[in-house]
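What follows is a set of notes on a single structure, which appears directly below.
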Amino acid sequence: VELERETVMATFIGESEENLVALEAGLLGLDRAAGNDDAIAEIFRTAHTLKGNSESMGFEAMGACAHALESVLDAVRKGTVNVTPALVTVLLAGHDALQSMLAIIAAGGTPERGPYDDVIQNMTEAASGEVDAGELPDAMFFPAPVAAGSTRKARKSLRVDLATLDRILNNTGEMSIALARLRAAIHEAGLAPEAILEVDRVFEELRDQAMRLRLVPIGPMLRQQLRGVRDVAAAHGKQARLVVEGDDVEVDAAVLDGLRDPVTHMIRNSIDHALETPEVRAAAGKDPTGTITLRARYAAGWVIVDVCDDGAGFDRASILRRGRALGFVAEGAHPGDDELLRLVFVPGFSTAATVTDLSGRGVGMDVVAKNVASLKGSVSVRSTDGQGSTVTVRVPLTLAIIDGFAVRAASETYVIPMESVRECIGLPGSGGGDHARASEGIVNLRGEPLPYVRLRSILGLTGDAERTESVVVVEHHGVRAGLVVDALQGEMQAVIKPLGGGLERVDRIAGSTILGDGRVALILDVPALLRDTMEEARP
Amino acid sequence: MSQMPGGEPETQYLTFFVAQEEYALDVMRVREVIEAAPITRVPSAPADVRGVVNLRGRVVPLVDLGLRFGGPEVTLTSRSCIVVVESTIAEQVVGLLVDSVSRVVTLAASQIEPAPPFGTRARVELLRGVGVLGSSFVLVLLPDRVARVGEDLEAAAS
Chain A
146 VELERETVMA TFIGESEENL VALEAGLLGL DRAAGNDDAI AEIFRTAHTL
196 KGNSESMGFE AMGACAHALE SVLDAVRKGT VNVTPALVTV LLAGHDALQS
246 MLAIIAAGGT PERGPYDDVI QNMTEAASGE VDAGELPDAM FFPAPVAAGS
296 TRKARKSLRV DLATLDRILN NTGEMSIALA RLRAAIHEAG LAPEAILEVD
346 RVFEELRDQA MRLRLVPIGP MLRQQLRGVR DVAAAHGKQA RLVVEGDDVE
396 VDAAVLDGLR DPVTHMIRNS IDHALETPEV RAAAGKDPTG TITLRARYAA
446 GWVIVDVCDD GAGFDRASIL RRGRALGFVA EGAHPGDDEL LRLVFVPGFS
496 TAATVTDLSG RGVGMDVVAK NVASLKGSVS VRSTDGQGST VTVRVPLTLA
546 IIDGFAVRAA SETYVIPMES VRECIGLPGS GGGDHARASE GIVNLRGEPL
596 PYVRLRSILG LTGDAERTES VVVVEHHGVR AGLVVDALQG EMQAVIKPLG
646 GGLERVDRIA GSTILGDGRV ALILDVPALL RDTMEEARP
Chain B
85 MSQMPGGEPE TQYLTFFVAQ EEYALDVMRV REVIEAAPIT RVPSAPADVR
135 GVVNLRGRVV PLVDLGLRFG GPEVTLTSRS CIVVVESTIA EQVVGLLVDS
185 VSRVVTLAAS QIEPAPPFGT RARVELLRGV GVLGSSFVLV LLPDRVARVG
235 EDLEAAAS
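Protein sequence lines correspond, in order, to chains A and B.
The first sequence begins at 146 in my numbering and counts up one residue at a time.
The second sequence begins at 85 in my numbering and counts up one residue at a time.
If you want it as structure tokens, here you go:
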């Protein structure tokens with residue numbers, strides 16, 4: 146019986162979370178829904194379901210709160226109460242109260258009515274038309290606020306601990322290593338059974354599915370920003386609407402979690418600094434309500450998220466002024482447009498308190514850049530004066546696996562992320578002489594001089610150089626260089642393992658992976674390698 | 085943990101050799117002992133980290149106790165072993181490379197003398213004390229200190 150209660154409880158929590166997301170979206174669109182009977186009936190039904198479910202589970206306070214909310218919506222439906230911003234705020238407070246209670250229930254508790262008396266009272270008054278349209282009630286705070294909502298797509302799903310998924314992924318990784326050994330043993334024994342082909346096929350499928358388990362749709366996270374847009378706009382005397390595109394794009398759960406803060410931050414920035422006030426917009430012939438568009442899409446193993454606004458665009462003149470004042474731009478230098486806009490991501494540029502007044506925007510864009518970089522992603526900006534700007538975030542689909550290129554240097558295997566690899570060439574004239582021992586040099590790449598460094602030199606590896614060497618041409622942020630290695634081993638899919646136990650901060654290494662023979666191979670941090678090499682080259 | 089007649093608690097220790105000296109670690113902190121696996125060197129890791137090894141799908145750092153105690157590195161032979169310990173700091177798992185694993189001994193707290201200020205190869209900070217077993221000694225290690233990897237990195241960064 147206890148187990149049954151647990152199952153019912155899990156279903157109740159999951160359903161209520163979904164209903165709360167739907168309820169919030171509905172309430173935020175309530176003013177537009179005025180007069181649309183179907184839309185209002187839909188919101189009413191959601192509240193009604195929440196009430197019924199709470200009551201049947203014996204959570205009286207939650208039922209009472211949902212009941213009060215439902216009665217306001219009933220009055221709206223009957224036309225006895227008008228939708229005003231004040232009314233929506235009262236209802237949103239009711240939603241927040243329900244969310245707070247659900248969090249308490251999810252943590253194993255039972256919410257008491259006491260902390261929620263005021264919000265229930267406000268809604269009961271609103272239902273009888275006692276809310277002054279001009280008066281906004283004070284902000285309310287409830288116990289145990291909820292940070293994140295549900296990220297599930299369908300109701301018929303199961304909540305699984307991320308650690309469990311990681312163990313499954315780990316096991317499939319080990320299985321592939323064990324299979325490689327088994328294949329070698331079978332081959333050595335002179336056998337070639339059909340069964341091993343079948344095992345390989347099934348295993349491939351299993352591994353693909355295991356990797357896909359971690360993918361979740363990005364839509365709920367993007368839609369959660371609706372509330373932030375409304376609140377921030379209201380706080381700054383702006384009008385803004387949020388448009389979400391591509392909400393069925395799926396991304397690794399860990400990447401999604403890492404994206405949440407940067408996206409919230411960028412939206413706040415856009416509303417705070419980029420969107421003009423309704424009066425200014427109207428004077429410029431624009432819609433007084435600004436539009437923030439969140440657009441998610443795929444691009445070859447990457448997920449791209451655009452945060453677009455139709456505001457004033459970045460104020461290039463003040464960015465340049467500030468860049469000069471801070472010494473990021475030399476006096477008399479005229480940086481290109483890309484270079485100029487990139488300044489907003491430089492630490493120390495945008496966090497200064499004065500920048501809000503000085504520049505077009507830019508509180509904490511360096512934090513956004515840093516968060517995105519920790520996801521192995523990148524961020525860029527486009528901006529058109531008077532028409533708006535787009536901040537584009539590019540992150541890998543998953544942090545758990547990358548396409549890599551394996552190379553050998555000083556009898557160790559290293560993996561270079563494929564996204565940095567442009568091509569591979571032989572190193573002409575390699576073998577013997579001082580040339581082979583020099584740590585760097587220049588090679589002719591189809592008529593262009595390409596600087597190269599020996600991987601064994603930058604990593605400080607010992608051991609004699611090979612007779613023949615190869616050059617892997619890598620590129621990051623437009624900087625192109627050659628990495629000289631002993632041998633090329635080819636493309637591979639690498640399941641990324643963190644370097645644990647205190648080695649996380651080791652320079653020039655992005656992580657590790659386990660090779661087919663069970664050995665550990667390090668994954669190179671190409672941006673760090675290029676940066677260090679260039680810094681060392683400076684006098 | 086058992087009780088001596090006097091009521092004093094006893095602890096079991098796994099002992100191993102590094103550069104002919106016998107060291108002891110609380111068995112409760114030893115996750116397992118494995119044969120020396122292929123080691124992958126890690127550039128710019130702390131000097132006493134030999135590299136990383138694959139511990140059933142988990143990549144763990146390998147501290148060479150010979151180097152950690154200030155002596156020459158452990159020579160890999162058929163007897164060398166990796167003692168896997170779980171550090172209580174952030175639940176990190178670290179391998180300790182030793183010359184050979186010796187035995188399990190039982191020591192009461194009263195059998196562990198404070199470490200002398202000199203005379204031991206390992207730094208005093210790494211030692212809980214010296215265990216007295218009849219006529220022989222074992223150097224009792226502090227697991228969290230001996231399995232700490234980031235120390236040198238932090239020192240370099242500060």
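Ideal Cβ positions, reconstructed from N, Cα and C, are used throughout, including at glycine.
It should be emphasised that the depicted structure is a prediction, and the values quoted were computed from it without experimental measurement.
task = List the residues of chain B that residue 664/A touches, going by C-beta distances under 8 angstroms, in chain order.
result = 122, 124 and 138
query = Buried or exposed: which applies to residue 267/A, given that a residue is buried once 16 or more other Cβ atoms fall within 10 Å of its Cβ?
reply = buried
request  = Could you name the residues of the region 306-321 of chain A whose beta carbon sits closer than 7 angstroms to any beta carbon of chain B, in the order they occur along the chain?
outcome  = 315, 318 and 319
Stretch pair the region 447-456 of chain A + the region 534-546 of chain A: three plus CB contacts closer than 8 angstroms = yes
query = Does the pairing of the region 191-201 of chain B with the region 212-225 of chain B give three or more beta-carbon distances under 8 angstroms?
reply = yes
key: Spatial neighbours of residue 391/A in its chain, beta-carbon cut-off 6 angstroms, leaving aside the 5 residues before and after   = 440, 441 and 442
request  = Reducing DSSP to helix, strand and coil, say where residue 652/A ends up.
outcome  = coil
Min CB distance residue 645/A to chain B below 8 angstroms = yes
ask   = Is residue 208/B closer than 8 angstroms to residue 182/B when the C-beta atoms are compared?
value = no
query = When the distance is taken between beta carbons, is residue 383/A closer than 8 angstroms to residue 437/A?
reply = no
message = Considering Cα atoms alone, identify which of 188/A, 547/A, 230/A and 251/A is closest to residue 219/A.
response = 188/A
inquiry  = Would residue 638/A and residue 553/A qualify as a contact pair, given that the criterion is a beta-carbon distance under 8 angstroms?
reply    = no
request  = Compile a chain-ordered list of the residues in the region 194-224 of chain B whose CB is closer than 8 angstroms to at least one CB of chain A.
outcome  = none
request  = May I ask you to report which of helix, strand or coil DSSP gives residue 476/A?
outcome  = coil
request  = Taking the CB atoms as reference points, tell me whether residue 389/A and residue 540/A lie closer together than 8 angstroms.
outcome  = no
query = Hey, does residue 164/B have any beta-carbon neighbour from chain A nearer than 8 angstroms?
reply = no
query = For residue 143/B, which residues in chain C fall below 8 angstroms Cβ to Cβ?
reply = Of the chains in the structure shown, none is chain C; the protein chains are A and B.
key: residue 102/B versus 129/B, 205/B, 133/B and 217/B, residue with shortest Cα-Cα distance   = 205/B
ask   = Between which two residues does the beta strand (DSSP E) containing residue 525/A stretch?
value = 523-529
ask   = What did DSSP end up calling residue 237/B once you bin it into helix, strand or coil?
value = With a pLDDT of only 40 at residue 237/B, under the threshold of 50, the placement of this residue in the model should not be trusted; the figure read from the coordinates follows. Three-state DSSP puts residue 237/B in a helix.
ask   = Hey, is residue 651/A's beta-carbon within less than 8 angstroms of any beta-carbon in chain B?
value = yes
request  = Check each candidate in 613/A, 588/A, 355/A and 608/A and name the one with the smallest Cα separation from residue 626/A.
outcome  = 588/A
request  = Just list the beta strand (DSSP E) runs in the region 178-266 of chain A, keeping only unbroken ones of 3 residues or longer that don't cross its boundaries, in chain order.
outcome  = none
inquiry  = What does DSSP give as the partner residue(s) for residue 666/A in the beta ladder?
reply    = 658/A
message = Extract the residue ranges of the alpha helix (DSSP H) inside the region 151-230 of chain B, only unbroken runs of 4 or more that lie entirely within it.
response = 227-230
query = Taking the C-alpha atoms as reference points, what is the distance between residue 600/A and residue 672/A?
reply = 14 angstroms
message = Distance check for residue 217/A and residue 231/A, CA to CA, integer angstroms please.
response = 13 angstroms
request  = Check each candidate in 314/A, 423/A and 474/A and name the one with the smallest Cα separation from residue 546/A.
outcome  = 314/A
key: Cβ pair count under 8 angstroms reaching 3, the region 412-428 of chain A against the region 472-479 of chain A   = no
Residue of 170/A, 236/A and 255/A minimising C-alpha distance to residue 203/A = 255/A
inquiry  = Count Cβ pairs between the region 358-366 of chain A and the region 336-343 of chain A that sit closer than 8 angstroms; are there 3 or more?
reply    = no
query = Since residue 526/A contacts residue 459/A with CB under 8 angstroms, what's their CB separation in whole angstroms?
reply = 7 angstroms
inquiry  = Classify residue 643/A: buried if its beta carbon has 16 or more other beta carbons within 10 angstroms, exposed otherwise.
reply    = exposed
ask   = Under the three-state reduction of DSSP, which class applies to residue 499/A: helix, strand or coil?
value = The predicted position of residue 499/A is uncertain, since its pLDDT is 39 and thus under 50; a value taken from the coordinates is nonetheless stated next. Coil.
query = Quick one: what's got a C-beta closer than 7 angstroms to residue 251/A's C-beta in the same chain, skipping five residues either side?
reply = 158
task = Label residue 223/A either buried or exposed according to how many other C-beta atoms from any shown protein chain fall within 10 Å of its C-beta, with 16 as the threshold for buried.
result = exposed
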